[in-house]
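J.: Sequential numbering of the sequence shown, starting at 21, is according to this note's numbering.
Ideal Cβ positions, reconstructed from N, Cα and C, are used throughout, including at glycine.
Here it is, the structure, as structure tokens.
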Amino acid sequence: MNRLLFLLIAFAASVFGACPSGHVLVAGKCVSIVSRILIAPTVTLTAAQVNAMYTTPVLIIPAQGAGLTTVPISCIFNAVFGSAAFTGGGNIFLTYGATSQASPQASSAVSPILLTSFSANQMAAGTATHAATPSAITPPVQNSGLYLTNATAVFAVGTGSSLSVNCLYYPQSGIL
Numbered sequence: 021m022n023r024l025l026f027l028l029i030a031f032a033a034s035v036f037g038a039c040p041s042g043h044v045l046v047a048g049k050c051v052s053i054v055s056r057i058l059i060a061p062t063v064t065l066t067a068a069q070v071n072a073m074y075t076t077p078v079l080i081i082p083a084q085g086a087g088l089t090t091v092p093i094s095c096i097f098n099a100v101f102g103s104a105a106f107t108g109g110g111n112i113f114l115t116y117g118a119t120s121q122a123s124p125q126a127s128s129a130v131s132p133i134l135l136t137s138f139s140a141n142q143m144a145a146g147t148a149t150h151a152a153t154p155s156a157i158t159p160p161v162q163n164s165g166l167y168l169t170n171a172t173a174v175f176a177v178g179t180g181s182s183l184s185v186n187c188l189y190y191p192q193s194g195i196l
């Protein structure tokens, strides 16, 4: 766990380097941080949750309150093989809200290969960063949680595998 946290912080540190103090790089632009950067508690999805996240997105970061938009800086996905790899599915990403693919996308996509191409005694990892530009997010996403879903179709077959998600984020006041 400490190694994973170190990787998450190291990745985020590389993002911050291009902006002045008190700002982060989001979608190629320096954005002021109104509050501090937060580390979300680790969320571990069961095989059943991974199989169903296309139709039932999983809450990763709760809404931050009225007038605040949750901005993901960096998320690390860590998959641990169980007894069978997943099949099907599609790109994995965070959305603002729980309405699956209809919700505005909040992060870059991680390939489904993360879950479909590994076997016994293996772990796989992927990262996602904030993807949306301020003009691309409609409707406004204030006071909305971040949910994990995937594109295309449900994952299938995977049994005994787990998917852990660790994210750095910050609450941004006003409409992002």
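Give me the residue from Ala148, Leu166, Thr66, Tyr190 with the minimum Cα distance to Ser103.
T.: In the sequence shown, the residue the question calls residue 103 occupies position 83. Nearest of Ala148, Leu166, Thr66, Tyr190 to Ser103, Cα basis: Thr66.
J.: Buried or exposed for Met143, going by 16 or more other Cβ atoms inside 10 Å?
T.: As a position in the sequence shown, residue 143 is number 123, starting the count at 1. Under this definition Met143 is an exposed residue.
J.: Can you tell me the Cα-Cα spacing of Val78 and Ser139, whole angstroms?
T.: Position 58 of the sequence shown, counted from the first residue, corresponds to residue 78. Position 119 of the sequence shown, counted from the first residue, corresponds to residue 139. Between Val78 and Ser139, the C-alpha separation is close to 24 Å.
J.: Would you call the segment 167-184 in contact with the segment 84-92, where contact means no fewer than 3 C-beta pairs closer than 8 Å?
T.: The segment 167-184, when compared against the segment 84-92, does not touch it at the 8 Å Cβ threshold.
J.: Report the residue from Leu135, Gln84, Ser123 whose alpha carbon sits nearest the alpha carbon of Val100.
T.: Residue numbering aside, residue 100 sits at position 80 when the sequence shown is read from its first letter. Checking every option, the nearest Cα to that of Val100 belongs to Leu135.
J.: Measure the Cβ-Cβ separation of Asn57 and Asn186 and say whether it is below 9 Å.
T.: Taking the sequence shown and counting its residues from 1, the one referred to as residue 57 is at position 37. Taking the sequence shown and counting its residues from 1, the one referred to as residue 186 is at position 166. Looking at the sequence shown, residue 57 is not Asn but Ile. Their beta carbons are not under 9 Å apart, which means Ile57 does not touch Asn186 by this criterion.
J.: Please tell me whether Ala176 and Thr75 are closer than 9 Å, where the distance is taken between their beta carbons.
T.: Here residue 176 is taken as the residue at index 156 of the sequence shown, counted from 1. Here residue 75 is taken as the residue at index 55 of the sequence shown, counted from 1. Taking 9 Å as the Cβ cut-off, Ala176 and Thr75 do not qualify as a contacting pair.
J.: On the DSSP bridge assignment, give the partners of Ser123 in chain order.
T.: To locate residue 123, count along the sequence shown from 1; it is residue 103. Partner(s): none; Ser123 has no beta bridge.
J.: Restricting to Cα atoms, I'd like to know which of Pro82, Gln125, Val63, Ala105 is closest to Thr179.
T.: Counted from its first residue, the sequence shown places residue 179 at position 159. Ranking the options by Cα distance to Thr179, first place goes to Ala105.
J.: Find the nearest neighbour of Ser164 within the set Leu188, Pro132, Ala148, Pro124, judged by alpha-carbon distance.
T.: For the purposes of this step, residue 164 is taken as residue 144 along the sequence shown, with counting starting at 1. Nearest option by C-alpha distance: Pro124.
J.: How would you call Ser155, buried or exposed, if buried means at least 16 neighbouring beta carbons within 10 angstroms?
T.: For the purposes of this step, residue 155 is identified with residue 135 of the sequence shown, where counting begins at 1. Because the pLDDT of Ser155 is 43, which lies under 50, any placement of that residue in the model is unreliable, and the question is left without a value.
J.: What do you get for Ala145, buried or exposed, if any count of 16 or more other CB atoms within 10 angstroms of its CB means buried?
T.: Within the sequence shown, residue 145 is the residue found at index 125, counting from 1. Under this definition Ala145 is an exposed residue.
J.: DSSP on Thr136, reduced to helix/strand/coil?
T.: Here residue 136 refers to the residue found at position 116 when the sequence shown is read from its first residue. Note: Thr136 maps to helix in three-state DSSP.
J.: Measure the C-alpha to C-alpha separation of Gly122 and Tyr116 and round it to an integer number of angstroms.
T.: Working through the sequence shown from its first residue, we reach residue 122 at position 102. Working through the sequence shown from its first residue, we reach residue 116 at position 96. In the sequence as presented, Gly is not what sits at residue 122; that position holds Ala. Answer to the nearest angstrom: the Cα atoms are 10 Å apart.
J.: What residues match up with Phe175 in a beta bridge as DSSP calls it?
T.: As a first step, residue 175 is located in the sequence shown; it is residue number 155 there, counting from the start. Answer by DSSP bridge pairing, in chain order: Gly108.
J.: Quick check on DSSP: helix, strand or coil for Ala145?
T.: One-based indexing of the sequence shown puts residue 145 at position 125. If DSSP states are grouped into helix, strand and coil, Ala145 belongs with the strands.
J.: Pick from Pro132, Gln84, Ser137, Ile81: whose alpha carbon is nearest that of Asn111?
T.: On the sequence shown, residue 111 is found 91 positions in, with the first residue counted as 1. Ranking Pro132, Gln84, Ser137, Ile81 by Cα distance to Asn111 puts Pro132 first.
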